[in-house]
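Following: one structure in structure tokens, then a few remarks.
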Amino acid sequence: MPDFESYSIVKWLHVLSMALGGGSAMIILILVGFEDGREDLKGLTSILWKRTAAWAFRLAVLLGILLLAMRMHAGDHPFLARYLHVKLALVLLLLGCSELSGKALARARRGAAILAFLLFLMVTFVAVNRDAFGWVTHHSRPAGGSFTGAVEQGPE
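Under my numbering, think of the first position of the sequence shown as 168, with each following residue one higher.
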């Protein structure tokens, strides 16, 4: 049986849910153009947004909070990294726009959905280029503990 670390699994689930949310937001914004010409597609993007993009972004935020809690439990100080403050502000705006987008798309308003997609791109840019925003490398992994709270032992 492979030895998986719970932090890595939660981190990959976080990345996967963000990718699902951003990808579905992009596809939904492409589909918005087809709603104008066809009567049978009215309201499709609103339903798709509420069922895919909004839930994916909500799950990503919850997993991100869990990741922060796991790092703090292991003795790390994630808030020393300046990029995280920028990322958290953008994530809160993204979550707000994502929650507004379902109702806005039902009224044929695209602004909140486009802004949510733009904020997704900005959050991804900040996360990937964290060195440009101030990344603290000496606290990347706490010594003597793991992300699950168990004490790691070296070779004897």
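We put the beta carbon where it would ideally sit given N, CA and C, even for glycine.
Buried is the label assigned to Val-293, since at least 16 other Cβ atoms lie within 10 Å of its Cβ. The closest CA to that of Leu-285, considering only Pro-245, Ala-248, Leu-262 and Leu-226, is found on Leu-262.
When DSSP states are grouped into helix, strand and coil, Lys-209 belongs to the coil group. For a cut-off of 8 Å, the C-beta gap from Ile-195 to Trp-216 is around 5 Å, short enough to register as a contact.
About 17 Å separates the beta carbon of Gly-301 from that of Arg-238, a gap too long to meet the 8 Å contact definition. Closest in alpha carbon position to Ile-214, among Val-258, Asp-298 and Ala-275, is Ala-275. Rounded to whole angstroms, the Cβ separation of Ser-184 and Leu-251 is 18 Å, and the two are not in contact under 8 Å. Short of 6 Å from the beta carbon of Leu-259, and not among the five residues preceding or following it, lies no beta carbon of its own chain. Ranking Asp-298, Leu-267 and Leu-234 by CA distance to the CA of Glu-172 puts Leu-234 first. A straight line joining the alpha-carbon of Ser-175 with that of Trp-222 spans about 22 Å. In the structure shown, the three-state DSSP call for His-244 is coil. For Gly-188, the enclosing alpha helix (DSSP H) starts and ends at 173-202. Considering only Val-295, Leu-257, Val-199 and Phe-246, the residue with the shortest C-alpha distance to Ala-283 is Leu-257.
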